[in-house]
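If you read the sequence shown in our numbering, its first letter stands for residue 496, the second for the next number, and so on.
Structure first, commentary second.
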Amino acid sequence: MTEIYGHRGAAAYAPENTIPSFKLAIGLHADAVEFDVQMTSDHQLVVIHDETLDRTTDGSGPVKSHTLAQLKALDACAGKTDFRQARIPTLDEVLELLVPTKLRLNVELKNSEVEYPGLEEKAVEAVRRHGLERRVVFSTFNHYSLRLLEDMGVGPLGCLYQDILFRPWRYVAALGVEAVHPPAVAVFGKRYVRKCHEAGLYVRPWVVNGKAELRRLMRWGVDAVFTDAPDVAMAVRDDLAAEDA
Ligand code: G3P
Ligand code: CA
Numbered sequence: 496m497t498e499i500y501g502h503r504g505a506a507a508y509a510p511e512n513t514i515p516s517f518k519l520a521i522g523l524h525a526d527a528v529e530f531d532v533q534m535t536s537d538h539q540l541v542v543i544h545d546e547t548l549d550r551t552t553d554g555s556g557p558v559k560s561h562t563l564a565q566l567k568a569l570d571a572c573a574g575k576t577d578f579r580q581a582r583i584p585t586l587d588e589v590l591e592l593l594v595p596t597k598l599r600l601n602v603e604l605k606n607s608e609v610e611y612p613g614l615e616e617k618a619v620e621a622v623r624r625h626g627l628e629r630r631v632v633f634s635t636f637n638h639y640s641l642r643l644l645e646d647m648g649v650g651p652l653g654c655l656y657q658d659i660l661f662r663p664w665r666y667v668a669a670l671g672v673e674a675v676h677p678p679a680v681a682v683f684g685k686r687y688v689r690k691c692h693e694a695g696l697y698v699r700p701w702v703v704n705g706k707a708e709l710r711r712l713m714r715w716g717v718d719a720v721f722t723d724a725p726d727v728a729m730a731v732r733d734d735l736a737a738e739d740a
């Protein structure tokens, strides 16, 4: 059965990477949630996708140039004006919300455009402090960071990539991680999924919101999808199960 990861929570319905978005994903019974982690100038971990504040908040400039207190003063409703109370959450706040649930978590470290020394250690420490290590997969586009996590004994790990790579299963398997997290467009057919599985990798494409694409990828046997609308993906999964019954 394809697992459904709420992307940035349930970003189709609530401001991405905020507590309301994660609460919605929990309420929709997603199997897991995905979110993005960056670091403040006072070395606090916060959950926000972009390296800058401009798109999703009423602030501007790099996340890394602001203190946590400065970030907490911002409106993070990202244009969804029904959610004006939404704030940039800390990693701890998000983990705390998820502890009592059964959801799995994909903690994506946003360290491929900005250097955040110590990000891996701090994120792993927070996950362990909340007793969540068995429910978390760490991922990043920074493959040196994946190796660092591996050296720290952290896993499972997901290798994110962006482009249309040639035989990515070979590269990703050589990295020693457990899963490939490709852009959906890079999953060119059933053969891609089979090759990854033969290489011992789980396949979790992002970001899949359309019903036809969800259906196609699920039929090809991907292990999970990242989606902004977990309810839509769950309905597609239910339809396929009914067809197969
Ligand atoms: O982790 C899957 C996906 O979230 C990666 O892309 O840009 O949405 O962080 P992005
Ligand atoms: Ca992400």
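The C-beta atom is built at its ideal place from N, Cα and C for all residues, glycine as well.
Along the length of the stretch 583 to 656, whole beta strand (DSSP E) runs at least 3 residues long occupy 599 to 604, 631 to 635 and 652 to 655, reported in chain order. Judged by pairs of C-beta atoms under 8 angstroms, the stretch 548 to 556 does not touch the stretch 622 to 639, as fewer than three such pairs exist. In the structure shown, the three-state DSSP call for I543 is coil.
For the options E616, A509 and K617, the alpha carbon positioned closest to that of D577 is the one of A509. Contact between E588 and I514 holds, with the beta-carbon distance rounding to 7 angstroms and staying under 8 angstroms. The stretch 640 to 651 makes contact with the stretch 663 to 681; the number of CB pairs closer than 8 angstroms reaches 3 or more. E498 has its CB no nearer than 6 angstroms to any heavy atom of ligand 1. Comparing alpha carbon positions, the residue from A621, M647, A506 and E608 closest to K575 is A506. Residue environment analysis places Q533 among the buried positions, since at least 16 neighbouring C-beta atoms fall within 10 angstroms of its C-beta.
According to the DSSP secondary-structure assignment, D531 is paired through a beta bridge with E603. Contact annotation: V682 and R710 have beta-carbon atoms that are not nearer than 7 angstroms. Closest in alpha carbon position to R662, among L644, L614, H676 and C691, is C691.
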